[in-house]
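Numbering (my numbering), first residue to last: 27 to 218.
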């Protein structure tokens, strides 16, 4: 996990971000500051490089990179790490540009959040590469603020819990997944 050739993050960056490496001693504060600054600069430079990739990477090379995706956009191989990286890259960009605020806002706003603008512009740009005129981008997200504790409490009380709420519990690092499984077993047994 920690070593990849010519990646955006260095091996030391990965070790520091995952807690495998720490800085202690007299210069620790400066070393942590320098590590964070270096990471920010590399991320910024990588993001700028995406313009070059969109405009200049040969189609054959792009196809090799995404060979696990067929012409219909369906995943065809089991490279889970790559798929997770794609998902998390999108999540990083959308989160960092305000998608969560856009998801929970009520009513119209004066201007479209940057995340929504970027998503729409990216779809237009992707369509343009294949000569497709994208007239409108409409993405509907139904979202509410969620409390892991409240959802777990509902589950323990035998209240209905949505699939999205179950996913929230199972993916949460704040509760023991075994507790969720025990509650589900009890609900299933009670229904039988």
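Ideal Cβ positions, reconstructed from N, Cα and C, are used throughout, including at glycine.
Practice task
Tell me whether the beta-carbon of residue 63 lies closer than 7 angstroms to the beta-carbon of residue 42.
Solution key: no
Problem - Contacts around residue 148, its chain only, beta-carbon distance under 7 angstroms, and the 5 residues preceding and following it disregarded - result: none
Handout entry: Residue burial classification, residue 163 (beta-carbon count within 10 angstroms, cutoff 16)
Key = exposed
Practice task
Report back the beta-carbon spacing between residue 123 and residue 141 to the nearest angstrom; my notes put them in contact at under 8 angstroms.
Solution key: 4 angstroms
Handout entry: For residue 149, three-class secondary structure by DSSP
Key = helix
Exercise for the section: Thinking residue 178 and residue 201 are a contact (beta carbons under 8 angstroms), I'd like their distance in whole angstroms, please. Expected result: 6 angstroms
Practice task
Inspect the beta-carbon positions of residue 49 and residue 57 and report whether they are closer than 7 angstroms.
Solution key: yes
Exercise for the section: Measure the C-alpha to C-alpha separation of residue 166 and residue 139 and round it to an integer number of angstroms. Expected result: 14 angstroms
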